[in-house]
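Structure, as C-alpha cells:
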Amino acid sequence: MTNSTSSADAPYAGRSHVAYNLAGIALLLLLAAVGAAYLIDRAARNTHITAPVIDDSKSLTQTVGGQELTIPASWFRYGEQMRSGFASQVDLEVQLKLLENGPALPVQVTLLPSNKARASSVLLDTVYLHQFGEGTIGGYAGLVGKPLLASDGYSGETVWYDPLSPVPFVAKCAIPVTDQGEGRCLRTVHLPGGLAAIFTFDRTALAAWRAFDPEMARWLGQIGAL
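Just so we're aligned, residue 1404 is where the sequence shown starts under the working numbering, counting upward by one.
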C-alpha cells in the first residue's frame, strides 16, 4: 500500500522539481537582464564618445526652451541625451582655444531656458556683493578676485569679475580638490536667443578671460544657440 502511494506521488515530485528549476532559470535571466540594463545606462551617462569638433557634420536637432538647436553628436556629454526632439536642458562639452599656442580647454556647457538660471553678472550685485570677505585677490590681469565668506557656505570660493564693464565677466571658482588639480569655475550667462548657458571650466582659463566669450560664441553660434 505504501509503495503504491509513493509511486503515485513520483510524477508530481518530478514535475515540482522541473517547475522549480524553470523558476530558477527565469530568475537568473531576469537578474542578468537587469544587470545588463544597468551597465548600459551607466555607460550612456558617463561615456563621452569622441572629442568635440566644432564643425562635426554628424548632428541631431533638439528644441530647448522653444529654441531649435542642431548639435553635433560629439558634443554631448551623456549618450542618453543623444536623441532628437524636445529637451528641458542639454549637457555638452566644447574645446576652447583661448591661447594661440596653448592647448584646447575643455568646457562643460549646460543649455536650458533662461528663467531656470540667473546670470552671474546679476548674482554679482544681488548675492555675491553681500557675501564678500575682507581683502582682494590678484593674479589675473583685468579681474578682481574677492573671497566669499566661509560662514555663508562659500568656504574656499572666490568670485572673479571685471570691475569696469557694465555687464561684467563674472566667474565663481572653488579651490582645487587636490594639490595637483586646478580649481573649477562656474559661470552663467543669458544668451540673446532666450537660453541660459552654464559654463564649468578650470580656473586656468581666467588667464585668457577676454578670449572666453568670443571663442565660446563660435561654438554656440554653430548650433543656433545665439
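From the three backbone atoms N, C-alpha and C, an ideal C-beta is built for every residue, glycine too.
Between L1527 and V1573, how many whole angstroms is the CB-CB distance? I'm expecting something under 8 Å. 5 Å
Okay, do the stretch 1552-1570 and the stretch 1473-1491 touch, 3+ Cβ pairs below 8 Å being the bar? no
Would you list, in sequence order, the uninterrupted alpha helix (DSSP H) runs of no fewer than 4 residues that lie entirely inside the stretch 1467-1553? 1523-1529
Which of the three DSSP states, helix, strand or coil, is assigned to I1457? coil
Looking only at C-alpha atoms, which of I1626, T1453, G1548, K1575 sits nearest to F1604? K1575
Give a yes or no on contact between the stretch 1619-1629 and the stretch 1584-1604, applying the rule of three or more CB pairs nearer than 8 Å. yes
Alpha-carbon spacing of I1540 relative to Y1564, whole angstroms: 11 Å
Given 8 Å, three or more beta-carbon pairs between the stretch 1610-1626 and the stretch 1517-1526: no
So D1616 is in the alpha helix (DSSP H); what residue range does that whole segment cover? 1612-1625
Would you mind sorting I1578 into buried or exposed? The rule is 16 or more other CB atoms within 10 Å of its CB. exposed
Cβ of Q1498 within 9 Å of Cβ of P1566? no
Name, in chain order, the residues that DSSP records as bridge partners for V1573. Y1564
Beta-carbon gap between A1608 and L1495 smaller than 9 Å: no
By Cβ distance, which residues of its chain are closer than 8 Å to Q1534, with the 5 residues on each side in sequence left out? L1551, L1552, D1555, Y1557
If you draw a straight line from the C-alpha of E1537 to the C-alpha of T1529, how long is it? 18 Å
Is G1505 buried or exposed, if buried means 16 or more other CB atoms sit within 10 Å of its CB? exposed
In chain order, what residues of the same chain lie with their CB nearer than 8 Å to the CB of L1598, ignoring the 5 residues before and after it? V1467, G1468, Q1470, L1514, L1515, P1516, S1517, A1628
Other residues of its chain near F1489: CB distance less than 6 Å, five sequence neighbours each side excluded: T1466
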